[in-house]
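Student: Mind having a look at this structure? Questions to follow.
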Amino acid sequence: MKTFLPFRHPLVLVSLLVVTTVLGIALVGPVIAPHDPLAINQNAVNQASSTQYLLGTDEFGRDILSRLLVGIRPTIMVAVISTLIAAVGGTAFGIIGAYSRPVMAFFVMRAVDIMLSFPAILLALLAVGFWRSGIASLSVVIGIIFIPQFARVAQSATLQVIRQEFVEAEHAMGARYLRVVFKAILPNILSPLVVQGTLTIAAAILLESGLSFLGLGIVPPEPSWGQMIGTARGYLNQNPMYVVWPSVCLAFTVLAINILGDALRDHLDPRLREN
Amino acid sequence: MQTLSTFVIVVGARLATALVQLWVIATLVFSIMYIMPGDPVLLLLGPESHPSPEAVAAMRQQLGLDQPVLSQYLKWLGNAAVGDLGKSLDGYPVIEYVTASLPKTMELASAAILVAAIMGVPVGIAAALWRGRFLDGLLTSLSTLGISVPVYILGSLLILLVSLKLGWLPSSGYTDISRNAFLHFQKLTLPAVTLGLGLAASIARMTRSSMLEILSRDFVRSLRARGMRERRVIWLHVLRNAAIPIVTIVGLQLGNLMGGTVLVEALFNWPGLSTLLVTAVSNRNYPLVQGSIVTIAALFILINLCVDILYSLLDPRIRRKRA
Amino acid sequence: MPGREILKIDNLSVAFRTEAGLRPAVNGVSLSLVSGEILGLVGESGSGKTILSLAAMGLLPQNAVVTSGRVEFAGADLLTARPDVLRKLRGKRISMIFQDPMASLDPVFRCGDQIVEAILLHERMTRRQARERALELLQKVGIADPARCLRSYPHELSGGQCQRVMIAMAVACKPDVIIADEPTTALDVTVQKQVLNLLRGLNREIGAAILLITHDLGVIYEVADRVAVIYHGDLMEEAATADLFAAPCSDYTKALIASMPSASAPQSRLPVITRDGSGMISSAAEDRPAAKPKPAINGASEPLLHIRDLTKSYWVRENALATPRAFRAVDNVSLAIPPRSTLGLVGESGCGKSTLSRLVMRLIEPDDGAIEFDGRNLISLGREEMRAARRDMALVFQNPYGSLNPRQTVTDLVAAPIDIHQGGRDREAAVAKLMDAVGLPRNAMKRYPHEFSGGQRQRIVIARALALKPRLLICDEAVSALDVSVQAQVLNLLQDLQDEFDLTYLFISHDMSVVRHVSDMIAVMQKGRIVEAGPAGEVFDNPKAEYTRTLLSAVPKIGNADPIALEAH
């Protein structure tokens, strides 16, 4: 038996810790925050780190640490919900695109191709430009935007699976469509889907924080990391650490997820496992 | 002859796809007003302001929303096809805004892709050739870092370091090349490097994996069995084969590039298309949003088209479908 | 022909680095190649024969380590020689031909440029001269239109043509030694014949010694002067070809020759290779249980499967410009199989035999014709009726690795037809019985396919096919992917099951000797048509169609073990 994945590589173990911590904070952040993240203090604007404000304060004198701890939640929620939407929708479209009547498959995959050929953030801007921002709407928009990528992965995995003789064997035995999908196809495309899910979470976090950075995502005064970076960019001179804290948090979270995704892919890819 | 005509067919088919893509994005951009929940006019005038029915009607007329949907659609398509993207809410033609900012975005994007290709491809090749050694590990880790750090974070940190701490380059803004060429390129450097670094990371990763894939093919072994120098094997045969996926990869990165310009232009106050778009979205200037998105999409489709044609020139098996 | 020793492999051992330590692949093998001869190296998959050949070229993969021995060539040890020394020898004095000719050519360069490059690597001449030389070489290796071939990319040529190009490059600098690793395995039997003749001719003409590596004893018999047999990395024996086939010394060689279908009387039980606890190898031929009397073949009984005028066309286009034209994959085929008999369908790749098997199961819809199964025309059935009809017929595929879902346990796999047609009633008990029938232990039921060998997997596939006691079994190249010793076991099993379950077989294969061994009737297929059909003995002894004669003459035969000769007894 192989050793459980994370313990074979210290970097992967660290990444797993980072991701667990982030998820934990997303759950209990508001409880452990030392200050009210929305409390304005005109006497303590743009302060550096101190014992009262561990990571300093922002342009309204709000505690940066508290805002970081609280600001994680919308990002994580949007990322998780949108990934679920993308995974379910994308897998369904992908399987249809590979394993259904040719006409149907053709239209599904051409639609996916066309969607894929536009930058995600452009589609997001188009959507939020005409829609009020909020966690629910952002999740739906980002989820829909990532459906094509998921569908592409699911489709190419399904195509590989249905080329194999065991699928033809199912047909020869007289299996129905849904049996083939659930018994033969889904279990065999699960690994690439799990990997794609990890990568999509990272991409969704980046997209949400990118929109918030532009001021088009999570609506102030509720904090989110991307939005904090976007605001801090105006105070680079007065309070340089203001931009550093949320940047470091965001970068390490995404990095940890990507490392986990890579490790998962290496672990699940049979070609790499053989060697 | 046969190969040439096959090539013409491939290019023709690709051109048709590009036109379909343009049509789809134009339709999407047009219909988004109707798909999205809520009355766009009310949203535009500010939902809290309780606008008078006259104001609503006036706005409706200004946007052409009082006409039947189908005729609005055909008009929009017809006008867009001849370069008329309608009028911005401030009365100026959208196309004027677009033509003013388009070259700036293209300049930034070209500079970035240049930085990315110059850095990413050699790094990827080096990592593949020294697979499993220290250099490979270092480069692979750096590129994982590179794809994880969003451009605006990298940019903010670069501004902090290079502009504010070291004072080497201006932190943001744009100067016209005719006014001060030196300052123009100084101001171009940071955004282009910021945008290019992220791209270089993904290009390096994928260059590495396609090099490794080619290196494991049977024909490489038979070239060695023929007594060919390792240098010739790598630099002529392997690289020539790897060029096909690498060009594809660089092409695929254009999506990220376009996404990246949105954020980088905002960060560095670069007055390009994306800045135009973000401002328009913030101001709910719908005609301008539509116009700039269609333009960005058209630009993107055009670049993709060029990449695909280049791709089929490189691969003698053009008849085979794109992987 | 006594010559001087030119390539000497001395006590060579190679092992692979794995997570569990070194895994030996070749153990202390010594071989020598004499100038001008063809030395055959025979072994089944995993015997280490390819590793041996790569070691001889100094081309071992990175995870392989040489634990002992030398490979002497031209006064140097190829295992320790400096890269520039090796480079000057490779291609110039010792060259290699690989198994997969298409993959062994660089896909983005024209064949001509690749041959010219190979020549210029070792010879001082101008490009123009090299090009003329390339043209001559292509003529010499029997390419019909050498000038066109020079301009072609590898993907525009057939597998046989690509192999000829590879051979042209291998002989370009008149090497002393050519190492050919399964050079004909990827090719059809008629093309194989041509390529083997070419190798033999070049061997005579330019005097290069050839190390011919193959799993196919027939190929060895046809062309090799001497034979070395390798098994699990150990050299079993080395002898002149005639001596080896007349009087094999080692138990393994005896068993290997005995388990070839062409070495036994048709429909007899094949001897199988067994290895007892002490590692002793022997060949054992159990007596088969008394076979039930076969029904008379000639028309007395109503056929179970009757195919009439079956036709299937595909639209293909030569290139993106050409107007599509109909390609008849199956062209007006009629066949009848009486119950409890075996019809062997034989043909080369692309002849439409696999399409035919899919048509019979209606996995592909035919354009025209009728498929009468037990008096009912399957073509006229609706979706649900056809689904139900599939209970009575089953398909056994070629690739025992691909035809089992890797994510299901053996129980789920074998019970699949029961789940589909009977809602999974009594599945455990039924599976247990089937495991006994195909000779697998019952404790295999909880395991997954990857834990089994190729032959065991094929048993699982057969167990699944039998789950609902079907009447017709279509075996599509069912033993082609198996080593000859495992193939013998599976062929024996198929024969036993036919008696036990009253099965009717449509047995599809490219391998003439296997088809001859199992069939009552034989149909020969070429380009979608049946060119000849009749009782097995008749088709073999007295072939009427030209194509059947070509096929038969292309099959490598082993002298005194000729099936036709055997049947005369």
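Which chain is which? The protein sequence lines are A, B and C, in order.
For the first sequence, our numbering gives the first residue as -13, with consecutive numbering after it.
For the second sequence, our numbering gives the first residue as 77, with consecutive numbering after it.
For the third sequence, our numbering gives the first residue as -15, with consecutive numbering after it.
Beta carbons: idealized from backbone N, C-alpha and C, even for Gly.
For clarity, every value in this text was computed on a predicted model and none was experimentally measured.
Does DSSP put lysine 417(C) in a helix, a strand or coil?
Tutor: Correct three-state label for lysine 417(C): helix.
Student: Rounded to whole angstroms, what's the CA-CA distance from tryptophan 211(A) to glycine 203(A)? Just pull it up for me.
Tutor: Cα to Cα, tryptophan 211(A) sits roughly 11 Å from glycine 203(A).
Student: So phenylalanine 381(C) and glutamate 151(A) are supposed to be a Cβ contact under 8 Å. How far apart are they, rounded?
Tutor: The Cβ separation is near 4 Å, so the contact holds.
Student: Please report the Cβ distance between isoleucine 175(A) and alanine 143(A), rounded to the nearest whole angstrom; I am assuming they are in contact, meaning their Cβ atoms lie under 8 Å.
Tutor: Yes, they are in contact, since the Cβ atoms of isoleucine 175(A) and alanine 143(A) sit about 4 Å apart, within 8 Å.
Student: Whose C-beta lies closer than 6 Å to the C-beta of isoleucine 162(C) among residues of the same chain, with five residues either side of it excluded?
Tutor: Cβ within range, chain order: Ser79, Ala154, Ala192, Ile194.
Student: Just the Cα atoms here: how many angstroms apart are histidine 553(C) and glutamine 251(C)?
Tutor: Here the model assigns histidine 553(C) a pLDDT of 36, short of 50, so the residue's position is not dependable, and the following value carries that caveat. Distance between the alpha carbons of histidine 553(C) and glutamine 251(C) is about 14 Å.
Student: Please report the Cβ distance between leucine 236(A) and serine 195(A), rounded to the nearest whole angstrom; I am assuming they are in contact, meaning their Cβ atoms lie under 8 Å.
Tutor: 6 Å between Cβ atoms; contact.
Student: Step through the CB atoms of chain B and report whether any lies within less than 9 Å of the CB of alanine 58(C).
Tutor: Closer than 9 Å: no.
Student: Leaving out five residues on either side along the sequence, give the residues of the same chain with a beta carbon under 6 Å from the beta carbon of glycine 129(A).
Tutor: If we look at glycine 129(A) and ignore the five residues flanking it on each side, its Cβ neighbours are Ser68, Ile71, Ala72.
Student: Looking at chain B, which residues of the region 68 to 80 of chain C have a Cβ within less than 8 Å of any of its Cβ atoms?
Tutor: Listed by position along the chain: Leu70, Arg71, Lys72, Leu73, Arg74, Gly75, Lys76, Ser79, Met80.
Student: Identify, in the order they occur along the chain, each residue of the same chain with its Cβ nearer than 8 Å to the Cβ of threonine -11(A), setting aside the five sequence neighbours on each side.
Tutor: The predicted position of threonine -11(A) is uncertain, since its pLDDT is 47 and thus under 50; a value taken from the coordinates is nonetheless stated next. Cβ neighbours of threonine -11(A) beyond the five flanking positions: none.
Student: Output the distance between the C-alpha atoms of leucine 389(B) and valine 445(C), rounded to the nearest integer angstrom.
Tutor: One C-alpha to the other measures close to 46 Å.
Student: Go ahead and pull the three-state DSSP assignment for cysteine 233(C).
Tutor: Note: cysteine 233(C) maps to coil in three-state DSSP.
Student: Helix, strand or coil for glutamine 471(C) per DSSP?
Tutor: Note: glutamine 471(C) maps to helix in three-state DSSP.
Student: Assuming arginine 305(B) contacts leucine 43(C) (C-beta within less than 8 Å), just tell me the rounded distance between them.
Tutor: 15 Å between Cβ atoms; not a contact.
Student: Contact between the region 308 to 317 of chain C and the region 461 to 471 of chain C: three or more CB pairs below 8 Å?
Tutor: No, the region 308 to 317 of chain C is not in contact with the region 461 to 471 of chain C.
Student: Per DSSP, what kind of secondary structure is isoleucine 127(C) in: helix, strand or coil?
Tutor: If DSSP states are grouped into helix, strand and coil, isoleucine 127(C) belongs with coil.
Student: Alpha carbon to alpha carbon, how far is glutamine 83(C) from valine 18(C)?
Tutor: Rounded to the nearest angstrom, the two C-alpha atoms are 23 Å apart.
Student: Which residues mark the beginning and the end of the beta strand (DSSP E) in which cysteine 459(C) is found?
Tutor: Looking at the DSSP string, the run of the beta strand (DSSP E) that includes cysteine 459(C) is 456 to 460.
Student: According to DSSP, is leucine 390(B) part of a helix, a strand, or is it coil?
Tutor: Leucine 390(B): helix per DSSP, three-state reduction.
Student: Leaving out the 5 sequence neighbours to the left and right, which residues in its chain are closer than 7 Å to valine 4(A) when beta-carbon positions are compared?
Tutor: Around valine 4(A): Phe238, Thr239, Ala242.
Student: Please name the residue in Ile133(A), Val126(A), Val167(A) whose C-alpha comes closest to that of leucine 145(A).
Tutor: Nearest option by C-alpha distance: Val167(A).
Student: Starting from the Cα of valine 149(C), find the closest Cα among Lys158(C), Ala114(C), Gly126(C), Asp160(C) and give me that residue.
Tutor: Nearest C-alpha to valine 149(C): Gly126(C).
Student: Assuming lysine 163(B) contacts valine 170(B) under a Cβ cut-off of 8 Å, what Cβ separation, rounded to an integer in Å, is found between them?
Tutor: Indeed they touch by this definition, with Cβ atoms about 7 Å apart.
Student: Are the C-beta of leucine 390(B) and some C-beta of chain C separated by less than 9 Å?
Tutor: Yes, because at least one Cβ of chain C sits closer than 9 Å to the Cβ of leucine 390(B).
Student: Grab me the residues of alanine 372(C)'s own chain with a C-beta within less than 8 Å of its C-beta, minus the 5 sequence neighbours each way, in chain order.
Tutor: Here the set comprises His405.
Student: Can you determine whether any heavy atom of the ligand ADP sits closer than 8 Å to the C-beta of isoleucine 348(C), and answer yes or no?
Tutor: With respect to small molecules bound, the structure shown includes none, and the ligand ADP cannot be examined in it.
Student: Just to confirm my understanding: we take proline 454(C), look at its own chain, exclude 5 residues before and 5 after, and list those with CB closer than 6 Å. What are they?
Tutor: Asp376, Met377, Ala378.
Student: Should tyrosine 531(C) be labelled buried (16 or more other beta-carbon atoms within 10 Å of its own) or exposed?
Tutor: Burial call: buried.
Student: What is the DSSP secondary structure of methionine 244(C), reduced to helix, strand or coil?
Tutor: Methionine 244(C): coil per DSSP, three-state reduction.
Student: Pull up the DSSP beta-bridge partners for glutamine 510(C), would you.
Tutor: Beta-bridge pairing links glutamine 510(C) to Arg513(C).
Student: Tell me which residue opens and which closes the alpha helix (DSSP H) that valine 55(C) is part of.
Tutor: It is not in any alpha helix (DSSP H) - valine 55(C) instead sits in the beta strand (DSSP E) that spans 48 to 57.
Student: Per DSSP, glutamate 221(C) is paired with what?
Tutor: DSSP lists Val213(C) as partners of glutamate 221(C).
Student: What did DSSP end up calling methionine 195(B) once you bin it into helix, strand or coil?
Tutor: Three-state result, methionine 195(B): helix.
Student: Would you report the Cα separation of isoleucine 201(B) and alanine 319(B), rounded to the nearest angstrom?
Tutor: The straight-line gap from Cα to Cα measures roughly 11 Å.
Student: Do glutamate 341(B) and proline 267(B) come within 9 Å of each other at the CB atom, strictly closer than that value?
Tutor: Yes, Cβ-Cβ distance for proline 267(B) and glutamate 341(B) is below 9 Å.
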